[in-house]
Structures are given as C-alpha cells and as structure tokens.
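Report on the structure given below.
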C-alpha cells in the first residue's frame with residue numbers, strides 16, 4: 036500500500052515558518068537543521084511536513100477558472116468556525132469562510148511565506 040509520507044514545502048524564513056506551523060497548526064518538530072526542519076502531526080498515517088529553505092523561492096498556489104489562489108495543501112479541523120476566527124485574530128490573511136447548508140466547507144489562508152493553504156472540515160476517513 037502506498038501513502039504520502041512527507042510533503043516538502045519551500046520557505047524563505049525557516050524559523051518564522053517553524054513558529055507558524057507549530058503554533059498555528061499544532062505540528063511538533065522532529066528534527067531541525069540549519070536549512071530545513073521536519074515537522075509531524077504525531078498522528079499515525081499523517082504525512083510529515085519538511086520545511087526547506089530555498090534561495091529560488093516561489094509561493095505555492097495555482098489559478099483555476101473560478102478561484103485565483105487555489106491552495107496546494109489543505110489541512111483538516113473539526114471546528115472550522117473557531118479555526119477561522121483564531122487565524123483571523125492572529126493577523127493571518129484568510130479568505131471568507133465557505134460552508135454548505137450541511138456545515139461542510141473551508142477557507143484559504145497564507146503562511147508566512149505567502150503559500151496559499153486551505154483549511155476544511157471534510158474528513159477523509161470513511
């Protein structure tokens with residue numbers, strides 16, 4: 036069986052990025068070097084995030100026919116409303132909260148490197 040083990044994310048400011056991913060997203064540091072840092076969710080089956088300092092940095096996102104800044108990576112939360120409020124209150128650039136009538140949805144946000152990421156409450160567990 037194949038699974039995602041690690042997602043590598045290019046960063047400009049390593050220490051600022053580590054602080055964001057640990058404080059705002061709850062990851063913990065597995066190993067830190069001068070140019071990179073491996074972070075974990077501490078959950079079986081969840082991929083690690085490998086932050087890598089890059090000299091040829093480009094923020095991650097793409098444009099589709101209906102969304103200008105699509106996220107490359109989406110995170111999951113059980114409490115979308117609180118997460119949106121906490122991120123907004125912390126001064127993180129967030130998009131509007133989009134939810135269906137059933138309460139499922141998400142929002143976009145920027146990390147310190149300008150990467151557009153997503154947060155949603157749609158579980159991938161069957």
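Numbering (this note's numbering), first residue to last: 36 to 161. Quick reminder that beta carbons are idealized off the backbone N, C-alpha and C, glycines included. These figures come from a predicted structure and were not determined experimentally.
DSSP-derived helix/strand/coil call for residue 54: helix
Is the distance from the Cβ of residue 84 to the Cβ of residue 42 below 8 Å? yes
How far does the beta strand (DSSP E) with residue 41 in it reach, from first residue to last? 41 to 46
Assuming residue 46 and residue 88 are in contact, meaning their beta carbons sit under 8 Å apart, how far apart are those beta carbons, in whole angstroms? 6 Å
According to DSSP, is residue 109 helix, strand or coil? strand
Using the Cα positions of residue 161 and residue 97, report the straight-line distance between them to the nearest angstrom. With a pLDDT of only 47 at residue 161, under the threshold of 50, the placement of this residue in the model should not be trusted, and no figure is reported.
Chain D within 8 Å of residue 121, Cβ atoms only: Absence of chain D from the displayed structure is noted, only one protein chain being present.
Three-way DSSP call (helix, strand, coil) for residue 130 in this model: coil
Should residue 144 and residue 131 be called a contact, given that it needs their Cβ atoms to be closer than 8 Å? no
Can you give the Cα-Cα distance for residue 105 and residue 113, rounded to whole angstroms? 21 Å
Using CA coordinates, which residue listed in 156, 158, 64, 150 is at the minimum distance from residue 92? 150
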